[in-house]
Amino acid sequence: MPRLLHLDSSADLDASVSRELTRLFVDTWRATGSDHTVIERDLHRSPLPHLPDAALHYAARLRTGTEWPDPAAEGLQAELIAELTGADAVVIGAPMYNWSMPSSLKAWIDYIHVLGTTVPFDTSDAPLAGKPAVIVSSRGNTYAPGTPGDGTDFVIPPLMQVLGTSLGMSVSVVTAELTLADRLTPLAPFADLAAESLAAARDAVRTLATSLAR
Numbered sequence: 001m002p003r004l005l006h007l008d009s010s011a012d013l014d015a016s017v018s019r020e021l022t023r024l025f026v027d028t029w030r031a032t033g034s035d036h037t038v039i040e041r042d043l044h045r046s047p048l049p050h051l052p053d054a055a056l057h058y059a060a061r062l063r064t065g066t067e068w069p070d071p072a073a074e075g076l077q078a079e080l081i082a083e084l085t086g087a088d089a090v091v092i093g094a095p096m097y098n099w100s101m102p103s104s105l106k107a108w109i110d111y112i113h114v115l116g117t118t119v120p121f122d123t124s125d126a127p128l129a130g131k132p133a134v135i136v137s138s139r140g141n142t143y144a145p146g147t148p149g150d151g152t153d154f155v156i157p158p159l160m161q162v163l164g165t166s167l168g169m170s171v172s173v174v175t176a177e178l179t180l181a182d183r184l185t186p187l188a189p190f191a192d193l194a195a196e197s198l199a200a201a202r203d204a205v206r207t208l209a210t211s212l213a214r
């Protein structure tokens with residue numbers, strides 16, 4: 001029974017492009033077979049508390065003798081890690097907020113990135129190695145190579161570092177740019193490019209969902 005973990009983090013509950021694209025991914029995933037299930041976690045509607053104790057960065061065996069995190073926080077961390085390790089694939093809505101990811105998504109990252117548990121450290125265990133993760137990022141402007149915004153995207157690089165380099169997941173990225181072209185006058189001349197970017201993102205999402213659901 002193929003299982004997808006679906007994460008959203010956009011604060012826009014009505015017209016979010018990242019939410020539209022992750023929903024398209026989910027719908028495509030489900031359409032590939034009646035046995036394809038989805039775990040939904042909306043990080044904005046049900047935000048996680050910020051990590052309450054730095055000891056949660058480490059597996060229990062790596063903590064010092066004075067580090068005793070709250071059992072409720074440990075339980076939440078275990079639940080989030082179980083959702084992630086139990087999924088066959090993950091799709092993450094990661095809109096750009098002020099050149100970075102929403103704090104709700106960062107909180108999730110802080111819970112699931114654990115030395116000695118999800119991240120190889122004193123052993124070679126890598127429970128997430130090779131697991132597909134699709135990052136779906138929307139941004140109001142463009143940050144493509146050669147544009148003034150080039151090099152100021154602080155959403156995709158840290159997610160690639162955490163999910164890909166550290167956790168060893170197989171990461172794919174889909175971006176929709178210039179999503180504010182229909183709202184902000186200075187971006188209005190780029191409306192056609194915005195439409196092209198969104199169309200390409202929709203195609204990429206459908207292709208990835210279909211491929212990963214097999």
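For the sequence shown, the residue numbers in this note's numbering are 1 to 214. Note that CB positions come from ideal geometry on N, CA and C, so glycine has one too.
(message) Mapping the DSSP letters down to three states, classify R41 as helix, strand or coil.
(response) Taken through DSSP and simplified to helix, strand or coil, R41 comes out as strand.
Original post:
Counting pairs of beta carbons, one from the stretch 3-13 and one from the stretch 41-49, are three or more of them closer than 8 Å?
Top reply: Verdict: yes, contact present.
Could you tell me which residues DSSP puts in a beta bridge with T207?
-> DSSP, once it has assigned bridges, lists no residue as partnering T207.
* To do: Give me whichever residues DSSP pairs with T175 in a beta bridge.
  => The partner list for T175 (beta bridge, DSSP) reads S137.
Quiz item: From A188 to T64, what does the alpha carbon distance come to, in whole angstroms?
Solution: CA-CA distance, A188 to T64, rounds to 56 Å.
With the cut-off set at 8 Å, would you say G33 and A213 are in Cβ contact?
In this structure, A213 lies closer than 8 Å to G33 by Cβ.
Only counting the same chain, and skipping five residues up and downstream in sequence, which positions put a Cβ closer than 6 Å to that of L163? A133, M169 and V171.
Item to complete: Give me the Cβ distance between D53 and A73, rounded to the nearest whole Å; I'm assuming they're in contact under 8 Å.
Response: With a Cβ gap of about 6 Å, D53 and A73 count as contacting.
Q. Fully enclosed by the stretch 71-146, which alpha helix (DSSP H) runs are 4 residues long or longer?
A. Listed in chain order, they are 71-86 and 103-112.
* How would you call N141, buried or exposed, if buried means at least 16 neighbouring beta carbons within 10 angstroms? -> N141 comes out buried.
Task: Short CB-CB distance (under 8 Å) between L178 and chain D - done: As a matter of chain content, chain D is missing from the structure shown, which is built from one protein chain.
Practice item. Quickly, what does DSSP pair R3 with across the bridge? List them, please. Key: According to DSSP, R3 bridges with T37.
Between R206 and the rest of its own chain, which residues show a CB-CB distance below 6 Å, the 5 nearest in sequence each way excluded?
Here the set comprises T28.
Worksheet entry | Assigned exposure category for A15 - 16 Cβ within 10 Å defines buried | The residue is exposed, with fewer than 16 neighbouring Cβ atoms inside 10 Å.
(request) With a cut-off of 8 Å on the beta carbons, I'd call S46 and H113 a contact; round off their distance for me. (result) At roughly 20 Å, the Cβ-Cβ gap does not stay under 8 Å, so S46 and H113 are not in contact.
- Does the distance from the C-beta atom of V17 to that of A176 stay below 8 Å? In this structure, V17 lies near A176, with their beta-carbon atoms less than 8 Å apart.
- Task: Taking all protein chains shown into account, decide if M96 is buried (16 or more other Cβ within 10 angstroms of its Cβ) or exposed.
- Result: Looking at its Cβ environment, which holds 16 or more other Cβ atoms inside 10 Å, M96 is buried.
Residues near D88 in its chain [Cβ-Cβ closer than 6 Å; skip 5 each side] = Excluding sequence neighbours, D88 sits near P2 and R3.
For S170, write down the residues that DSSP places opposite it in a beta bridge. According to DSSP, which records beta bridges pairwise, S170 is partnered with P132.
Report task. Put D53 into one of helix, strand or coil per three-state DSSP. Result -> Coil.
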